[in-house]
Ligand SMILES: [Fe+2]
């Protein structure tokens, strides 16, 4: 009874949150050109370099994001729906070139042929073919929706090959030199999952780990996936992929949505957050005339839970770690120390940001735009500490974290659960920068290890408007900003011959809605965030999601 009263109280609190205002920004500039359809630039364009790009910096910055938002008279509703546009910046001997191509996914091709939206996306339901008769259109509502292969979220790597990924069962393998799709891969042909995230993790030997859901008569499971690092046969893709652990969802028909997960050298950390996917709503979306996004709901009457899996044995650890409800989209880093898992995440206290990123919201002007921005919860970096070896003899009510350098606590409760409270990884000034997202680290040398620096975008607008380096030990910020310009996720590239954590450069694609200014690839010294150079490109580019650097 007491539990139900508690749940009811939280529900009432959550409904009160409906009118929440998270900030008081005014007179935000219009960014509509950054979320508008552009032409692809398939022919290589030379960039105009100002300053300099280091001679050692030799490779591709590959990025992906939405670049086409309508077909014929049909328009997409949500930012995540746009057709994948692949960007390639090539750096060599201090020079930079640029090209871009639309991914020739089956979805893109089908939409192009029919000159309308044929395949549903996250926030857009494809309507029945108007050329069908009324009866056929009615019946088509009862067909299962076709699944998109518009893989517009991230470049991922398996066995040395690059794939474009979203969160469905499909990935598209690409030739990173030509940006041409070479093969479409379906996770379901290899393992019993319905998809996988666009943020896998990698061991130093190339072994990849990912997570994906499965839905069956037993309910929903969150599955940990391992893909071996090497090919047995030349032409193979994700052959040899295995599910090494299945975690049952707290509610069979309402699993949590997740976008990434954490990994230390030994453990996978899965965060089951109260951002729920209603599978019944998803399955019936066509009949109800609703998009997939309609099936996702923020339910802060539930807490957030951490699950820890030994990635070598596949064993799910017994610890039951909970915290107050939050939503995370991107893990920063995680490591082990003194018998604990330390996990750092970009966290939001309000889980309704997905629904705000409708294209009509992003394209607003004036007070309407200010209202949209101020209705979105900001994202802040937080550390959680999960003690791994909790026994029946451990005292209740005491902090079980032995880590003197972290104020994060983990307190055992009477019911055996561990209640986790976070440590802020940032100084107060980060609120003024609009919080931080798109976190990146020196992944090659510090993923899964104790570390000091991460990089991200500040969000004083609905897209990133600054680049921020966070020192998580001394809690300091270093910021790069240029008014009217919007930088993408910062990618760290280590300089050769150094083992210093921030010995290298930061690459970011900086774009502007101003017609008379060029977009550019920015290179910063990762130590002090001083600009080394920029490569200007007279090409319109939309704001994208993620990318990677590949040495050539
Ligand atoms: Fe992401």
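Residue numbers (the working numbering): 396 to 947.
Beta carbons: idealized from backbone N, C-alpha and C, even for Gly.
Per DSSP, what kind of secondary structure is residue 361 in: helix, strand or coil? Residue 361 is absent from the structure shown; the chain starts at 396 and stops at 947.
Close beta carbons around residue 886, own chain, < 8 Å, minus the five adjacent residues each side: Short of 8 Å from the beta carbon of residue 886, and not among the five residues preceding or following it, lie these beta carbons of its own chain, in chain order: 456, 835, 901, 902, 903, 942, 943, 944.
I'd like to check one pair, residue 483 with residue 574: are the Cβ atoms closer than 7 Å? The criterion of a C-beta distance shorter than 7 Å is satisfied by residue 574 and residue 483.
Return the CA-CA distance between residue 639 and residue 657, expressed in angstroms with no decimal places. Spanning the alpha carbons of residue 639 and residue 657 requires a straight line of approximately 16 Å.
Paired residues, beta bridge with residue 736 - DSSP: Beta-bridge partners assigned by DSSP to residue 736: 731, 781.
Taking its Cβ as the centre, do 16 or more other Cβ atoms sit within 10 Å of residue 618, making it buried, or is it exposed? Within a 10 Å sphere around the beta-carbon of residue 618 sit 16 or more other beta-carbons, which makes this residue buried.
Measure the alpha-carbon distance for residue 645 versus residue 826 and round it to whole angstroms. The alpha-carbon separation between residue 645 and residue 826 amounts to approximately 33 Å.
Does any residue of chain D have a CB that is nearer than 7 Å to the CB of residue 731? Here there is only one protein chain, and chain D is not present.
Rounded C-alpha distance that separates residue 718 from residue 918: Each residue's alpha carbon lies about 38 Å from the other.
Per DSSP, what kind of secondary structure is residue 399 in: helix, strand or coil? With a pLDDT of 49 at residue 399, under the threshold of 50, the modelled position of this residue cannot be trusted; read the value that follows with caution. Assigned with DSSP and collapsed to three states, residue 399 falls in helix.
Return the chain-ordered list of same chain residues with a C-beta closer than 7 Å to the C-beta of residue 791, the five sequence neighbours on each side being excluded. For residue 791, where only same-chain residues beyond five positions count, the Cβ hits under 7 Å are 807, 808, 809.
Which residue from 728, 492, 684 puts its Cα closest to that of residue 597? Ranking 728, 492, 684 by CA distance to the CA of residue 597 puts 728 first.
Would you tell me roughly how many angstroms separate the C-alpha atoms of residue 805 and residue 430, rounded to the nearest one? The C-alpha of residue 430 is placed about 42 Å away from the C-alpha of residue 805.
Residue of 687, 738, 421, 772 minimising C-alpha distance to residue 360: Absent from the structure is residue 360, since the part of the chain shown begins at 396 and ends at 947.
Taking residue 667 as part of the beta strand (DSSP E), name the residues at either end of that continuous run. Residues 662-667.
Assigned secondary structure, residue 926 (DSSP; H/G/I helix, E/B strand, else coil): Residue 926: strand per DSSP, three-state reduction.
Specify the secondary structure class of residue 675 as computed by DSSP and reduced to three states. Correct three-state label for residue 675: helix.
Within the region 419-452, ranges of the beta strand (DSSP E) (whole runs, at least 3 residues): Qualifying beta strand (DSSP E) stretches, in chain order: 436-441, 443-446.
Using the beta-carbon count (16 or more within 10 Å), is residue 400 buried or exposed? For residue 400, the pLDDT reaches just 48, beneath the cut-off of 50, and the residue's location in the model is therefore unreliable, although a value from the coordinates is still provided. Per the 10 Å Cβ criterion, exposed.
Which residues in the same chain have their Cβ closer than 6 Å to the Cβ of residue 452, if we skip the five residues on either side of it in sequence? Cβ-Cβ distances below 6 Å link residue 452 to 486 in the same chain, with the five nearest sequence neighbours on each side left out; the list follows chain order.
Going along the chain, which residues of its own chain have a beta-carbon closer than 7 Å to the beta-carbon of residue 748, five neighbours each way excluded? The residues are 771, 772.
For residue 411, I'd like the list of residues in its chain whose CB is within less than 6 Å of its CB, leaving aside the five on either flank, ordered along the chain. Residue confidence is low: residue 411 scores 45 on pLDDT, short of 50, so the model does not pin down where it sits. No coordinate-derived value is stated.
Span of the beta strand (DSSP E) holding residue 546? Premise fails: residue 546 is in no beta strand (DSSP E) and is neither H nor E.
Given this structure, state the Cα-to-Cα distance separating residue 922 from residue 585, to the nearest angstrom. In this structure, the straight-line span from the alpha carbon of residue 922 to that of residue 585 is close to 43 Å.
Starting from the Cα of residue 908, find the closest Cα among 866, 463, 758 and give me that residue. The shortest C-alpha to C-alpha distance from residue 908 to any of 866, 463, 758 is the one to 758.
Start and end of the beta strand (DSSP E) containing residue 604? First-last of the beta strand (DSSP E) with residue 604: 603-611.
Going by the DSSP bridge assignment, what does residue 850 pair with across the sheet? DSSP lists 835, 864 as the beta-bridge partner residues of residue 850.
Does DSSP put residue 618 in a helix, in a strand, or in coil? Per DSSP, reduced to three states, the secondary structure at residue 618 is strand.
How long is the line joining the alpha carbons of residue 626 and residue 552, rounded to whole angstroms? Cα-Cα distance, rounded: 13 Å.
What first and last residue would you give for the alpha helix (DSSP H) that runs through residue 494? Boundaries around residue 494 are those of the beta strand (DSSP E), 490-497, since no alpha helix (DSSP H) includes it.
Would you check if the distance between the CB atom of residue 832 and the CB atom of residue 741 is smaller than 7 Å? Residue 832 is a Cβ neighbour of residue 741, given a cutoff of 7 Å.
Considering only the alpha carbon of each residue, which of 660, 665, 659, 579 lies closest to residue 616? When only C-alpha atoms are compared, the closest one is 665.
Residue 579 and residue 567 look like a contact to me (Cβ under 8 Å); what is the Cβ gap, rounded to whole Å? Indeed, because the Cβ distance is near 6 Å, the residues count as touching under 8 Å.
Continuous beta strand (DSSP E) assignments of at least 3 residues falling wholly in the region 800-837: Fully contained in the region 800-837 are the following beta strand (DSSP E) runs of length 3 or more, in chain order: 804-807, 813-816, 831-835.
Measuring only the C-alpha atoms, how far is residue 492 from residue 442? Distance between the alpha carbons of residue 492 and residue 442: 5 Å.
Sheet register partners of residue 466 (DSSP bridge): Its beta-bridge partners are 469.
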